[in-house]
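Reading the sequence shown from the start, the letters are residues 36 to 326 in our numbering.
Read the structure below first, then the notes.
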Amino acid sequence: MLDFNSAPHSKDEKRYHRKRRFFKRYDRGVLSHRTQSNYDLRLIILRHAERVDQILGQDWYEKVFGGVPSAPPQAYRHPALPQKLPIRSNTLLYVFDPPITRLGEQQSMAKGQQLSQVGATVDYCYSSPASRSILTANAILKGMNRSNIPIRLEPYLFEPMNWNTGLVLLDRVSPFMSSGEWRKSGYNIDPRYHRINNYLNTSENENGYYMRTRNLFDAIEHRHSQTRKQRSTILIVGHASSTEIFTTIALRLPFDSNEFVHQSDRVPYLHTAVLERDAYTHTWYLRSVLM
């Protein structure tokens, strides 16, 4: 079991060709309240921005940090790294938890601005504990002028464990920073959020991932159905698998692990799916896909 109280290689490709008929592209203003059906919950689900290891190559750590286990603070000023990348005493853990690039951070802010321009807002934010997801979420919120929204770190948002076989090498050591470490680095992480679970099965496959995401989806739906607000919009930042699995679960589509891997392989960075729940029937609909 991997402890998330505190992998590296996901299914990353830049081209994404969707064949499912129920997906459609968005038009300007499609997310504004004036053009919406009567929804009560909206999920804006994104894949993280581009990863530094995918851009600089497998030897990225040597190029950026010189291959040492505890890199000096000046190494964090490398132009390929995002602004304010947290300094870790064991810098080597970034090999298992690679961050996004500085360009990816800028593109994430632009994505946040794009979401605002089409009428979106955010009331709550959930992120995978992976640094690439947290840094993306932080930049998106900044681009939306919603940096006041605290980020809730949820291990159940991490991608399938069998896509991260390298994490087994860490045994019981988590590659991810804790909520407290992120807060000390200046990030707005929700200190009161109670995670569904701090442990994931390292032998989990895609079917196991489907089941834990099903539990997470149900928990989010239940939690935010209790709010007194008429509508809630929830930003969820995860991985290439996230937009696929949430859409499959919300629309009650059959889950095929082989097709799921095939589709996830083609999800581009910052790919966005918007799901809405009808306020009366509680039926979920795919409102739009933002590329």
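Where a beta carbon is used, it is the ideal one built from N, C-alpha and C, also for glycine.
As the structure is a computational prediction, the values presented were derived from the model and not from experiment.
Whose C-alpha, out of the options, is nearest the C-alpha of residue i?
i: R187; options: M196, N232, W198 and G147; result: N232
i: R181; options: D88, R230, L235 and L270; result: L270
i: E311; options: A155, R86, Y191 and V272; result: A155
i: Q142; options: P164, C160, K119 and T171; result: T171
i: F295; options: A308, L305, T278 and A285; result: T278
i: G243; options: I280, Y228 and S214; result: I280
i: H113; options: T237, G273 and T136; result: T136
i: Y234; options: V153, I284, V208 and W319; result: V208
i: Y129; options: D158, Q93 and Y159; result: Q93
i: T307; options: T316, R301 and V324; result: V324
i: L120; options: P134, L127 and P107; result: P134
i: M196; options: R227, Q118 and E241; result: E241
i: T200; options: K98, F131 and V309; result: F131
i: S299; options: L321, G273 and A285; result: G273
i: H259; options: D158, M212 and S276; result: D158
i: W319; options: S292, T282, F290 and P289; result: T282
i: I184; options: D206, Y96, D313 and Y228; result: Y228
i: I169; options: E189, S151 and E97; result: E189
i: I79; options: I122, V153 and M212; result: V153
i: I255; options: E239, I284 and M179; result: I284
i: C160; options: I175, E239 and R123; result: I175
i: T248; options: F211, V309, S238 and S163; result: S163
i: I122; options: L321, S213 and D291; result: S213
i: Q149; options: M179, A165 and V87; result: M179
i: F290; options: A165, V309, Y245 and R322; result: Y245
i: P117; options: N173, P226 and V309; result: N173
Under 8 Å by Cβ, that's how I've got residue i and residue j pegged, so tell me the actual separation to the nearest angstrom.
i: K177; j: G147; result: 6 Å
i: V302; j: R82; result: 5 Å
i: T316; j: R77; result: Not confirmed; about 15 Å, so no contact.
i: G139; j: Y304; result: 7 Å
i: R230; j: I224; result: Actually they do not touch by this definition, with Cβ atoms about 12 Å apart.
i: L192; j: L127; result: The Cβ separation is near 24 Å, so there is no contact.
i: N73; j: A314; result: 5 Å
i: S276; j: E194; result: 5 Å
i: A106; j: L91; result: Contact flag wrong, Cβ pair sits at about 15 Å.
i: V87; j: W95; result: 5 Å
i: L204; j: T237; result: The pair is not a contact, with the Cβ atoms about 10 Å apart (cut-off 8 Å).
What residues are listed by DSSP as bridge partners for residue i?
i: V272; result: L81 and S162
i: Y74; result: D313
i: I135; result: R86
i: S267; result: L76
i: Y96; result: Looking at the DSSP assignment, Y96 forms no beta bridge with any residue, so it has no partner.
i: Y320; result: E311
Within the continuous alpha helix (DSSP H) that includes residue i, where are the two ends?
i: R249; result: E241 to S260
i: S299; result: S292 to S299
So the beta strand (DSSP E) residue i belongs to, where does it begin and stop?
i: I186; result: I186 to L188
Quick one: complete alpha helix (DSSP H) runs, 4+ long, within the segment 210-242? Counting only runs of 4 or more, we get 214-219.
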